[in-house]
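As you go down the protein sequences, you meet chains A and B in turn.
The numbering of the first sequence is numbering that gives the first Met the number 0, which starts it at 0 and goes up by one.
The numbering of the second sequence is numbering that gives the first Met the number 0, which starts it at 0 and goes up by one.
From the three backbone atoms N, C-alpha and C, an ideal C-beta is built for every residue, glycine too.
Number of protein chains: 2
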Amino acid sequence: MPDTPSTGRRERKKAATRQAIADAALELFLEHGFDRVSVRDVAERADVSTTTLFAHFPGKEALVFDREAQVEASLTAAVRERPEGQGVVEALRAHALASWVRLDSDPRRERFAALVQQTPALREYWERMWMRHAGALSAAIAAELGREPDDLACSAMARFVLEVPALATTRHDPLASVETVFDLLIHGWQASQLGSGDAAEDTREA
Amino acid sequence: MPDTPSTGRRERKKAATRQAIADAALELFLEHGFDRVSVRDVAERADVSTTTLFAHFPGKEALVFDREAQVEASLTAAVRERPEGQGVVEALRAHALASWVRLDSDPRRERFAALVQQTPALREYWERMWMRHAGALSAAIAAELGREPDDLACSAMARFVLEVPALATTRHDPLASVETVFDLLIHGWQASQLGSGDAAEDTREA
DNA sequence: GCAGAAACTTGAACGATTGCAGTTTCTGAC
DNA sequence: GTCAGAAACTGCAATCGTTCAAGTTTCTGC
């Protein structure tokens, strides 16, 4: 029953305490709220010293977001391992629809999302973290298209795609919003009055 | 010689201490670096208590960015008071070129920019702050076009336009990059291989 | 000229984070 | 086996950002 077949006892124990800390943190945060729980409380519950806690996580907010590596991996995988003949942007659209905006029926995910949404510190931390994936995503896109890793069109696409959840999740129909924004990205704003000077003039009502 | 002709002595004094604090902060930060200067140091230099300091600024990073109200004002003004017949997006492009990406010859601005760029905490704070203008900008755009204030195309445009500096300033030719990204926004990514599934397939080289 | 609001002060907290000096626990080499 | 050293962990104290409570000074409007 080796969960981590590769490594020795040491690393296993290390992973165990890390997990214990993360579990304790989530439990306490969900029960009492992020700001009403101190790092010491978490350390206490996990039965480690606060020093140890900070050896495993770079800060209080990070306690909530382990799993970030996997998120980035699945993001670049969506681009790299897309179906034959599917465009990069289409793959990202599909990934966005499937993974981001699903108001999950899983009650654990739901409570977690609520916690993050209701805690400003966590909201901000999440956004910062999320946008840091822009580099990796951009690189993945560029690689798929055989372009320079710092190709501007790819970097821009990456950043803009990552903005989609922020734009869509607050709307009454998130799924439709995702579609709309992707259509805008593909076809541009010119078709929507916004793009050209002369077209815009006709339709103003100010 | 009244710099603030409108208000009484009280408000003038208040503005004076606020300014004293901001000046002290910038001076110390530029000299020793943001992280090597404590809030207490700044308060000391400005000859106020730290409590007073926090009555004027919501946090340490905010000491560096007074002037944010004006930035947002000039942003929405660029949209509202654009030349006759100019499109909203064109106005924003012009504003971006004129105000954001200018590697100023003014040595003070340059040192300031370097400070922000070299300090992660400040970089992140700036980005968060910057993106908070999305709401106002989106509303301004929607108003100009006579659309609902929460129109998705306008919100998306606002957020994406605000990403432009982050995309452009790190490049060797920031001005050209601004142009490119605006062109992408207007005409969409479909023309750049990225947009459609079938076109993308032909040009891959993996 | 006075009541009250506003700006400021002192002093003490609280919580996150870091540094330091040790102790225990594993690992790899002999 | 065992032993040296690395790694994980502990306790404690310090620093720093931030806030609170209670009181003092300084303006403003009446």
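Counting along the chain, where does the alpha helix (DSSP H) carrying residue i start and finish?
i	result
residue 22(B)	8-31
residue 178(A)	173-186
residue 73(A)	67-79
residue 115(B)	106-117
residue 39(B)	38-45
residue 53(A)	49-55
residue 162(A)	151-167
residue 136(B)	133-144
residue 88(B)	87-94
For residue i, which residues in chain A fall below 9 Å Cβ to Cβ?
i	result
residue 179(B)	151, 152, 155
residue 166(B)	151, 154, 155, 158
residue 116(B)	Those within 9 Å of residue 116(B) in chain A number zero; the least Cβ separation is about 17 Å.
residue 162(B)	155, 158, 159, 162
Please determine, among the options, the residue with the shortest C-alpha to C-alpha distance to residue i.
i	options	result
residue 60(B)	84(B), 34(B), 70(B), 71(B)	34(B)
residue 94(B)	189(B), 191(B), 187(B), 174(B)	174(B)
residue 23(B)	13(B), 119(B), 157(B), 41(B)	41(B)
residue 193(A)	178(B), 157(B), 177(B), 163(B)	157(B)
residue 91(A)	188(A), 6(A), 106(A), 163(A)	163(A)
residue 29(A)	178(A), 147(A), 118(A)	118(A)
residue 68(A)	132(A), 106(A), 11(A), 143(A)	132(A)
residue 100(B)	14(B), 176(B), 82(B)	176(B)
residue 56(B)	16(B), 186(B), 170(B), 81(B)	16(B)
residue 125(A)	13(A), 106(A), 36(A), 65(A)	65(A)
residue 21(B)	8(B), 49(B), 9(B), 148(B)	49(B)
residue 84(B)	127(B), 7(B), 51(B), 144(B)	144(B)
residue 73(B)	43(B), 104(B), 12(B), 129(B)	129(B)
residue 80(A)	142(A), 51(A), 27(A)	142(A)
residue 149(B)	171(A), 105(A), 36(A)	171(A)
residue 209(B)	36(B), 31(B), 19(B)	Past the boundaries of the shown model lies residue 209(B); chain B is included only from 0 to 205, so the question cannot be answered.
residue 166(A)	134(B), 36(B), 98(B), 58(B)	134(B)
residue 51(B)	14(B), 178(B), 32(B), 168(B)	14(B)
Under the assumption that residue i contacts residue j (Cβ atoms under 8 Å), give the Cβ distance between them as a whole number of angstroms.
i	j	result
residue 155(A)	residue 183(B)	6 Å
residue 70(B)	residue 25(B)	At roughly 17 Å, the Cβ-Cβ gap does not stay under 8 Å, so residue 70(B) and residue 25(B) are not in contact.
residue 180(A)	residue 139(A)	The pair is not a contact, with the Cβ atoms about 20 Å apart (cut-off 8 Å).
residue 96(A)	residue 136(A)	Residue 96(A) to residue 136(A), Cβ: 17 Å. No contact.
residue 87(A)	residue 185(A)	Residue 87(A) to residue 185(A), Cβ: 11 Å. No contact.
residue 112(A)	residue 188(B)	About 30 Å; that fails the 8 Å criterion.
residue 107(A)	residue 116(A)	Contact doesn't hold; Cβ gap of about 15 Å is too wide.
residue 53(B)	residue 159(A)	With 8 Å as the limit, residue 53(B) and residue 159(A) do not qualify as a contact, their Cβ atoms being about 37 Å apart.
residue 44(A)	residue 27(A)	6 Å
Can you pull the chain A residues whose beta carbon is under 7 Å from the beta carbon of residue i, in chain order?
i	result
residue 187(B)	184, 185, 186, 187
Strictly below 7 Å CB to CB, what residues from chain B border residue i?
i	result
residue 127(A)	123
Within 6 Å: the Cβ of residue i and any heavy atom of the ligand ATP?
i	result
residue 89(A)	In terms of ligand content, the structure shown is empty, and the ligand ATP therefore cannot be addressed.
Along chain B, in chain order, which residues have C-beta atoms closer than 8 Å to that of residue i?
i	result
residue 176(A)	151
residue 136(A)	In chain order: nothing, as chain B lies at least about 13 Å away.
residue 96(A)	Within 8 Å Cβ-Cβ: nothing; residue 96(A) doesn't reach chain B, min ~16 Å.
residue 62(A)	Within 8 Å Cβ-Cβ: nothing; residue 62(A) doesn't reach chain B, min ~19 Å.
Taking residue i as the query, report the chain A residues whose CB atoms sit under 8 Å from its CB, ordered along the chain.
i	result
residue 74(B)	Chain A residues near residue 74(B): none, gap ~16 Å exceeds 8 Å.
residue 29(B)	Here the premise fails: no neighbours, minimum Cβ distance about 25 Å.
residue 52(B)	Result: empty, since nearest Cβ-Cβ is about 22 Å, beyond 8 Å.
residue 25(B)	In chain order: nothing, as chain A lies at least about 25 Å away.
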